[in-house]
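What follows is the structure, given as structure tokens:
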């Protein structure tokens, strides 16, 4: 199920993407699982997506949406 790009999901996401060790700061945009991959170079140092409530709500399975793009 695709992730909805909503203010509620963004607010949840900010607690996870905003502190992710793999993203440059400040990470823009956030909510990569809904919006697509980051234009920045991603250095994989750990993924916080599985801890995110959006990840659980939409039953996501992949990691590093900042690098791979939107969830299917």
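Residue numbers (our numbering): 4 to 75.
Glycine is no exception: its CB is placed at the ideal position from the N, C-alpha and C atoms.
Because the structure is a prediction, the values reported are computed rather than measured.
Worksheet item: Whose C-alpha, out of 39, 18, 44 and 11, is nearest the C-alpha of residue 27?
Response: Residue 27 sits at position 24 when you count from the first residue of the chain shown. Per the Cα distances, 44.
Item to complete: Starting from the Cα of residue 72, find the closest Cα among 7, 17 and 39 and give me that residue.
Response: Here residue 72 is taken as the residue at index 69 of the chain shown, counted from 1. When only C-alpha atoms are compared, the closest one is 39.
Worksheet item: Would you call residue 46 buried or exposed, if buried means 16 or more other Cβ atoms sit within 10 Å of its Cβ?
Response: Translated into the one-based positions of the chain shown, residue 46 becomes position 43. Exposed, since its Cβ has fewer than 16 Cβ neighbours within 10 Å.
Discussion item. So the candidates are 22, 23 and 41; which of them puts its Cα closest to the Cα of residue 31?
Written reply: Start at 1 with the first residue of the chain shown, and residue 31 comes out as number 28. The option with the nearest alpha carbon to residue 31 is 41.
Worksheet item: Which residues in the same chain have their Cβ closer than 8 Å to the Cβ of residue 22, if we skip the five residues on either side of it in sequence?
Response: On the chain shown, position 19 is the one that residue 22 refers to. Excluding residues within five positions, the ones whose Cβ falls inside 8 Å are 51.
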